[in-house]
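Numbering (full-length UniProt numbering), first residue to last: 1 to 280.
Here's the structure we're looking at; comments come further down.
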């Protein structure tokens with residue numbers, strides 16, 4: 001299955017900044033825009049794979065945008081990171097070994113390494129520049145890179161998984177939208193590789209795009225996943241500056257009931273950064 005989506009985004013770099021505002025134009029469907037007031041541009045450049053912008057905003061703190069699409073803000077990034085990590089980790093009885101595909105800002109790894117049952121985290125990110133700039137300008141996210149639990153690989157996640165089968169308890173795909181280098185992360189061969197990389201009782205979580213704008217894609221993605229996995233569940237995370245509501249598929253290797261996240265002790269976590277309100 002291949003998705004053909006025209007995002008019609010403006011990648012003109014400096015044109016995104018006009019009269020002190022950063023504007024994300026042509027969002028997803030090409031019929032709306034979103035603007036954030038800018039205090040200071042911290043970094044603007046182009047890696048081998050994508051345009052990268054990091055700036056200080058007036059209300060949302062620091063903001064990361066890739067290919068003119070906001071990926072996170074300092075104020076609300078926890079709503080994605082916690083959903084992407086604690087939901088699968090607390091749904092697995094013993095998530096010792098975790099793989100992250102993407103996640104170059106470091107936030108997902110930061111929260112995974114807080115979990116007391118996780119012994120090792122392997123991360124495969126294709127764009128080293130995102131990691132470098134996150135370490136420099138987004139230290140509140142990138143501190144996860146300092147964890148002794150982490151093994152970092154720079155490269156293609158699809159190729160990486162071909163050499164790692166029946167190895168991981170949990171796999172998290174923390175990717176951008178289905179365009180550019182991330183397109184292959186929404187196709188059936190990728191999920192087939194995910195399935196082979198999981199242990200028999202493993203589970204995975206992937207970015208599922210936004211249901212409000214990408215309904216046909218979401219329906220096809222779920223339909224495709226159900227041909228590979230006996231259990232496919234869907235969850236929601238609210239992120240206002242990053243195109244409102246995201247849906248996240250949870251996929252299980254073995255048949256069973258729908259996934260129910262379990263509340264675990266949060267004494268080891270930072271209370272001010274952990275909402276822990278996921279009653280899915």
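Don't be surprised by glycine CBs; every beta carbon is placed ideally from N, CA and C.
Nothing here was measured: the structure is a model prediction, and the numbers come from that model.
As the crow flies, the alpha-carbon of residue 124 is around 26 Å from that of residue 75. Counting the other CB atoms within 10 Å of its CB gives residue 114 a total of 16 or more, which places it among the buried residues. Straight-line measurement puts the Cα of residue 98 at about 12 Å from the Cα of residue 152. Residue 101 sits close to residue 175, with the two beta carbons spaced by under 8 Å. For the 8 Å CB-CB criterion, residue 107 and residue 141 form a contact. Around residue 226, the same chain offers 232 as residues with beta carbons nearer than 8 Å, after the five sequence neighbours per side are excluded. The segment 197-213 makes contact with the segment 154-167; the number of CB pairs closer than 8 Å reaches 3 or more. DSSP, read as helix, strand or coil, puts residue 108 in helix.
Rounded to the nearest angstrom, the gap between the Cα atoms of residue 185 and residue 191 is 8 Å. Straight across, the Cα-Cα distance linking residue 213 with residue 43 is about 29 Å.
In this structure, the beta-carbon distance from residue 61 to residue 52 does not fall below 8 Å. Among the bridge pairs identified by DSSP, residue 125 is matched with 154. Boundaries of the beta strand (DSSP E) around residue 100: 97-102.
In this model, residue 87 and residue 104 are separated by some 20 Å (Cα to Cα). Sequence-distant partners of residue 166 (beyond 5 residues in either direction) whose C-beta falls short of 8 Å from its own C-beta, in its chain, are 196, 197, 198, 199, 200.
In the structure shown, residue 78 falls within a helical segment according to DSSP collapsed to helix, strand and coil.
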